[in-house]
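Here is the structure we will look at, set down as structure tokens.
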Amino acid sequence: MYEISKKILNVVGRTNAAYNLIGEGDRVLVGLSGGKDSILLSCILARMQAHAPFKFSFKAATVHYGLNEDLAWLTKLCQEQNIPHEILHTNIAQTIREKRREQSSYCSFCSRMRRGVLYNHALENGFNKLAIAHHLDDAAESFFMNFTYNGSLRSMPPIYKAENGLFVIRPLIHIRERQSIDFVKSQNIPTAPDCNCPAKQPDSDKPPIARLATKNFLREMEQNNPRLFTSLKNAFCNLHASSFSDHNFLDAQGA
Numbered sequence: 628m629y630e631i632s633k634k635i636l637n638v639v640g641r642t643n644a645a646y647n648l649i650g651e652g653d654r655v656l657v658g659l660s661g662g663k664d665s666i667l668l669s670c671i672l673a674r675m676q677a678h679a680p681f682k683f684s685f686k687a688a689t690v691h692y693g694l695n696e697d698l699a700w701l702t703k704l705c706q707e708q709n710i711p712h713e714i715l716h717t718n719i720a721q722t723i724r725e726k727r728r729e730q731s732s733y734c735s736f737c738s739r740m741r742r743g744v745l746y747n748h749a750l751e752n753g754f755n756k757l758a759i760a761h762h763l764d765d766a767a768e769s770f771f772m773n774f775t776y777n778g779s780l781r782s783m784p785p786i787y788k789a790e791n792g793l794f795v796i797r798p799l800i801h802i803r804e805r806q807s808i809d810f811v812k813s814q815n816i817p818t819a820p821d822c823n824c825p826a827k828q829p830d831s832d833k834p835p836i837a838r839l840a841t842k843n844f845l846r847e848m849e850q851n852n853p854r855l856f857t858s859l860k861n862a863f864c865n866l867h868a869s870s871f872s873d874h875n876f877l878d879a880q881g882a
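Converting from the sequence shown to my numbering requires adding 627 to each position, the first position being numbered 1.
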């Protein structure tokens, strides 16, 4: 198995315990895109399955977009790491070309369809949890994008129950993106190329510039405040909803 740092394993272990993400008897489907984060998550679950004091099962599933992407390398990686793996073939790329509104976001449209494929596969095959490889940087970027573009205060929870009854979990939610980068670099692990992403095709008229701008904004803020992400993590766990103007949370009884 690939070597995973003790720091990463400790953080994920504490996160799992704090939010009861994976426990006895769970059947977990992991969204494995072939990127650094989902590879790290899949390897962590393989290690957890071998060493955790509880029994659970998991399988990694990769959504094939219909871009003629070659996933043989990913199948081989999973075999070498004892990670059960299945490729889910779709026509997502063609659907995006036909149905996405002009100048609307590739990423959000693609994400909804990809999540739908994973939801359906999980429900049809008896999985009760879907594991997604979002990390702390993703949560921070999501928060600031909602804040600046959508006028809402929302981010990414460690666990939530979807309308279809499936629990969606994020075991890496307190891991930094650079830790995933260090992991794949230190172990010489290949990752999916940009040509596998629908938003990065030559005919894309809407590259994910908003997320890139937010990522650069956070990078600059962190340069000025090295504890920025520690503070953000603490803030996400320490909400004071009544200090805003939402009527649902105002403590104004008797006013």
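The beta-carbon is built from N, C-alpha and C at its ideal position, and this holds for glycine as well.
- Per DSSP, I666 is one residue of the alpha helix (DSSP H) stretching across K663 to H678.
- Counting C-beta pairs closer than 8 Å gives fewer than three between the segment 706-722 and the segment 757-765, which falls short of the contact rule.
- By the Cβ test, the segment 780-797 is not in contact with the segment 844-857, since fewer than three Cβ pairs between them sit closer than 8 Å.
- Every unbroken stretch of the beta strand (DSSP E) spanning 3 or more residues and falling wholly within the segment 636-661 is given here in chain order: 654-658.
- Boundaries of the beta strand (DSSP E) around F685: S684 to H691.
- Here K812 is exposed, its C-beta having fewer than 16 other C-beta atoms within 10 Å.
- A819 sits in coil when the DSSP states are folded into three classes, being neither helix nor strand.
- E713 sits in a strand when the DSSP states are folded into three classes.
- Going by beta carbons, L648 and K686 fall outside the 8 Å limit.
- In this structure, the alpha-carbon of T689 lies about 11 Å from that of S669.
- Within the DSSP secondary-structure output, K842 pairs in no beta bridge.
- The segment 669-681 makes contact with the segment 630-645; the number of CB pairs closer than 8 Å reaches 3 or more.
- With contacts defined as CB atoms closer than 8 Å, C737 and I714 fail to qualify as a contacting pair.
- Under a 10 Å Cβ-count criterion, F754 is classified as buried, with 16 or more other Cβ atoms of the shown protein chains found around its own Cβ.
- Excluding residues up to 5 positions away in sequence, G650 and E651 lie with their Cβ nearer than 7 Å to the Cβ of F681 in the same chain.
- Boundaries for F863: no beta strand (DSSP E) harbours it, while the alpha helix (DSSP H) harbouring it runs L855 to F863, taken from the DSSP string.
- The secondary-structure analysis by DSSP pairs V795 across a beta bridge with L757 and Y787.
- Assignment of G743 by DSSP, reduced to helix, strand and coil, places it in the helix class.
- Take L877, set aside five residues on each side of it, and the residues of its chain with a beta-carbon closer than 7 Å to its own are S869, in chain order.
- Take Q814, set aside five residues on each side of it, and the residues of its chain with a beta-carbon closer than 6 Å to its own are Y629, in chain order.
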